[in-house]
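Novice: Before I ask anything, here is the structure I am working with.
Protein chains: 2
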Amino acid sequence: MPTPTRPTRLTDLKRAAILEAAIDEFRSAGYEATSMDRIAARAEVSKRTVYNHFPSKEVLFIEIMHQLWEASREGEELVYRPDLPLRDQLLELVGHKMRLLHGEAFVSLARVAIAAAIHSPERAQAMVARMNEREEGLTVWLRAAAADGRLKIDDPVFAAHQLQGLVKTFAFWPQITLGQPPLRPRERKRVAESAVDMFLAWYA
Amino acid sequence: MPTPTRPTRLTDLKRAAILEAAIDEFRSAGYEATSMDRIAARAEVSKRTVYNHFPSKEVLFIEIMHQLWEASREGEELVYRPDLPLRDQLLELVGHKMRLLHGEAFVSLARVAIAAAIHSPERAQAMVARMNEREEGLTVWLRAAAADGRLKIDDPVFAAHQLQGLVKTFAFWPQITLGQPPLRPRERKRVAESAVDMFLAWYA
DNA sequence: AGGAAACTACACCGAGCAGTGTAATTTCTC
DNA sequence: GAGAAATTACACTGCTCGGTGTAGTTTCCT
Chain A
5 MPTPTRPTRL TDLKRAAILE AAIDEFRSAG YEATSMDRIA ARAEVSKRTV YNHFPSKEVL
65 FIEIMHQLWE ASREGEELVY RPDLPLRDQL LELVGHKMRL LHGEAFVSLA RVAIAAAIHS
125 PERAQAMVAR MNEREEGLTV WLRAAAADGR LKIDDPVFAA HQLQGLVKTF AFWPQITLGQ
185 PPLRPRERKR VAESAVDMFL AWYA
Chain B
5 MPTPTRPTRL TDLKRAAILE AAIDEFRSAG YEATSMDRIA ARAEVSKRTV YNHFPSKEVL
65 FIEIMHQLWE ASREGEELVY RPDLPLRDQL LELVGHKMRL LHGEAFVSLA RVAIAAAIHS
125 PERAQAMVAR MNEREEGLTV WLRAAAADGR LKIDDPVFAA HQLQGLVKTF AFWPQITLGQ
185 PPLRPRERKR VAESAVDMFL AWYA
């Protein structure tokens, strides 16, 4: 065997099964309505084993949030290129964002996180901060394009929110709050192009 | 006395106190995490009295949804006027929408409803339908303007969503999901004008 | 092979939950 | 002032939950 004896330890399989089951339960029922018994049953694991891996429901939940957060990274930044058309670059940026928005891990994270944030003002703030971090990419691109004189933008943060709003109203909020299916490729293309064109019509 | 003996019946006061307390609890804690005992305590009313007015938690919740829904109406429709500038009319429409979005009743409703919808696909659909009803106003206005030849819009529903997205990304979603404070008048003006200008730059 | 580590079934605890029944007290209405 | 209606305190049912303790079994590692 290539790898000695690592990958298939029982305890690791159990732990993975618990996490997978917990994600499913939390996502479909929310934090409050999910019980440790249900998680154990779904993972086909003793309830005691769940508590041997995770000392409490809260810790298990936080662990899942971390895991989904990391899983939804995978984002290399796009940098501003003075030599390429704005429209092409923006389409690339928006397309990249939409691919992230429709990732399984990201949707799971967002649904659970937003459901939790709605009723916990303290936790909400931390999530805001981190979510906004991830949206920085577009802002810096806009700032660079403005500094280069190719966009008439005085407030890149505001403008970035506008462009994101144009996209999220189709490709994020309906999926998160209403469980609607992700956009099909044709729809994604239309949303992206229409958003970028409208944006450039005003700011270019 | 002008009004004979109507307004201050004890049973009406109790009922009102229960509804008020229930709204507070549901809004801040969500449906699952709110208990009838807490509602009774907050309303300074016997738990039994709560059940004398409302046969179950579910019925009480639905009653509240109805009440908030009605309270957030107050919306007269704006009709398309061929003789007035598009920008003025759209600003009026958007301003009207933002006033609704920031109403106390509407925010309460939306927070509770969305929190409930996130984990209940069946209920979510009904809410979508009714929410979209209320967004019809802008769509018909756009359709009229397009038919009049003053806007180059082939899909008014899509375009209406875009304009709404431009507004909601500042004036709705942050308030609902993150509990952020409503926009100040200056910010509202800026969001509305910028959204309308960008919209018209592309579709006019 | 043998000891350590992990897993399991199961019983249990204390708490909170939605909802009910009742008998006594207060309030309304005429 | 009398009868009806509403409110109250309180006890109670049946259920679910998060979490623990235990004793026996299985799996891992050397």
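Chains as they are written, first to last, in my numbering: chain A, 5 to 208; chain B, 5 to 208.
Here a beta-carbon is modelled for each residue, glycine too, at the ideal position from N, C-alpha and C.
Every value quoted in this text rests on a predicted model; they were computed, and no experiment measured them.
1. Which chain B residues are close to Val132/A, counting only those with a beta carbon under 7 Å from its beta carbon?
2. Could you work out which residues of chain A lie near Met102/B, taking near to mean beta carbons separated by less than 9 Å?
3. Can you have a look at Thr9/A and say buried or exposed, based on whether 16 or more other CB atoms are within 10 angstroms of its CB?
4. Please check the pair Thr173/B and Gly169/A, which I expect to be a contact at CB under 8 Å, by giving their CB distance rounded to whole angstroms.
5. For a cutoff of 7 Å on Cβ pairs, would you count Thr7/A as touching chain B?
6. Check whether the Cβ of Thr173/A lies closer than 7 Å to any Cβ atom in chain B.
7. Taking a contact to mean a Cβ-Cβ separation below 7 Å, would you say Ile180/B touches Ala114/B in this structure?
8. To the nearest angstrom, report how far apart Leu14/A and Thr53/A are at their CA atoms.
9. Do Ala20/A and Arg46/A have their beta-carbon atoms positioned less than 7 Å apart in this structure?
10. Could you work out which residues of chain A lie near Arg115/B, taking near to mean beta carbons separated by less than 8 Å?
11. Measuring only between beta-carbons, confirm whether Glu36/B sits less than 7 Å from chain A.
12. According to DSSP, is Glu81/B part of a helix, a strand, or is it coil?
13. For Ala26/A, which residues in chain B fall below 7 Å Cβ to Cβ?
14. Please give me, in chain order, every unbroken run of the alpha helix (DSSP H) with length at least 4 that falls completely inside the region 31–105 of chain B.
15. Using 7 Å as the limit for Cβ to Cβ distance, is His106/A near chain B?
16. Grab the span of the alpha helix (DSSP H) containing Phe176/A for me, first residue to last.
17. Taking buried to mean at least 16 other C-beta atoms within 10 Å of its own C-beta, is Gln211/B buried or exposed?
18. Under 7 Å, Cβ to Cβ, is there at least one residue of chain B near Met69/A?
19. May I ask you to list, following chain order, the residues of the region 158–172 of chain B that have a beta carbon less than 7 Å from some beta carbon of chain A?
20. Gly153/A: buried (16+ other C-beta within 10 angstroms of its C-beta) or exposed?
21. In chain B, what lies closer than 7 Å to Trp145/A by C-beta?
22. What residues in the region 41–68 of chain A bring their beta carbon closer than 8 Å to a beta carbon of chain B?
Specialist: Well, looking at it:
1. Leu182
2. Correct list: empty, because the minimum Cβ distance to chain A is about 14 Å.
3. In this prediction, Thr9/A scores a pLDDT of 40, lower than 50, which makes its location untrustworthy; no coordinate-derived value is stated.
4. 3 Å
5. Residue placement at Thr7/A cannot be trusted, given a pLDDT of 40 that sits under 50; the coordinates are not used to answer.
6. So, interface residue.
7. Their beta carbons are under 7 Å apart, which means Ile180/B touches Ala114/B by this criterion.
8. 12 Å
9. no
10. The contacting residues are Ile122.
11. Residue contact with chain A for Glu36/B: present (Cβ-Cβ distance below 7 Å to some residue of chain A).
12. coil
13. What Ala26/A touches in chain B: nothing, since even the nearest Cβ is about 15 Å away.
14. For the region 31–105 of chain B, whole alpha helix (DSSP H) runs of length 4 or above, ordered along the chain, are 40–46, 51–57, 61–75, 90–105.
15. no
16. Counting along the chain, Phe176/A falls outside any alpha helix (DSSP H), and DSSP gives it neither H nor E.
17. Given that chain B is displayed from residue 5 to residue 208, the structure contains no residue 211/B and the question cannot be resolved.
18. No, because no Cβ of chain B sits closer than 7 Å to the Cβ of Met69/A.
19. Cβ contacts with chain A come from His165, Gln166, Gln168, Gly169, Leu170, Lys172.
20. Within a 10 Å sphere around the beta-carbon of Gly153/A sit fewer than 16 other beta-carbons, which makes this residue exposed.
21. Result: empty, since nearest Cβ-Cβ is about 18 Å, beyond 7 Å.
22. none
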